[in-house]
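Using the numbering used here, read the sequence shown as starting at 72 and increasing by one per residue.
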Amino acid sequence: MLYNRGRGAGQGRGRRTAGAGPEGNCVCTSCGEKVKHQPGTPCNQMKCPKCGAPMVRE
72 MLYNRGRGAG QGRGRRTAGA GPEGNCVCTS CGEKVKHQPG TPCNQMKCPK CGAPMVRE
């Protein structure tokens, strides 16, 4: 008898969530200011241009 020990049908790696990749915005955790994401720079390393708080990925 064979057992399915690997990935079954439809159980691949999946897609990344919205906002991941080179496109998207970074959003301020404090004031809500949005800026375009800069490829190569994680949002959490960017500071809000308005208030200086850390940014997160939208």
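For glycine and all other residues, C-beta sits at the position ideal for the given N, C-alpha and C.
Contact set for residue i: own chain, Cβ-Cβ below 6 Å, skip 5 residues either direction
{"i": "Cys114", "result": "Cys97, Met126, Val127, Arg128"}
{"i": "Asn106", "result": "Reading off the sequence shown, one finds Val at residue 106, where the question assumed Asn. Within the same chain, Val106 has close Cβ partners Cys97."}
Whole-Å CB distance - residue i paired with residue j, under 8 Å assumed
{"i": "Lys118", "j": "Glu104", "result": "Actually they do not touch by this definition, with Cβ atoms about 10 Å apart."}
{"i": "Gly123", "j": "His108", "result": "Rounded, the Cβ-Cβ distance is 18 Å, inconsistent with contact."}
Residue environment, residue i, which counts as buried when at least 16 other CB atoms sit within 10 Å
{"i": "Cys102", "result": "exposed"}
{"i": "Arg87", "result": "Residue placement at Arg87 is flagged as unreliable, the pLDDT there being 47, under the threshold of 50; a coordinate-derived value is accordingly withheld."}
Enclosing beta strand (DSSP E) for residue i [first to last residue]
{"i": "Lys107", "result": "105-107"}
{"i": "Cys119", "result": "Element bounds for Cys119: n/a, residue is neither H nor E."}
{"i": "Asn96", "result": "96-99"}
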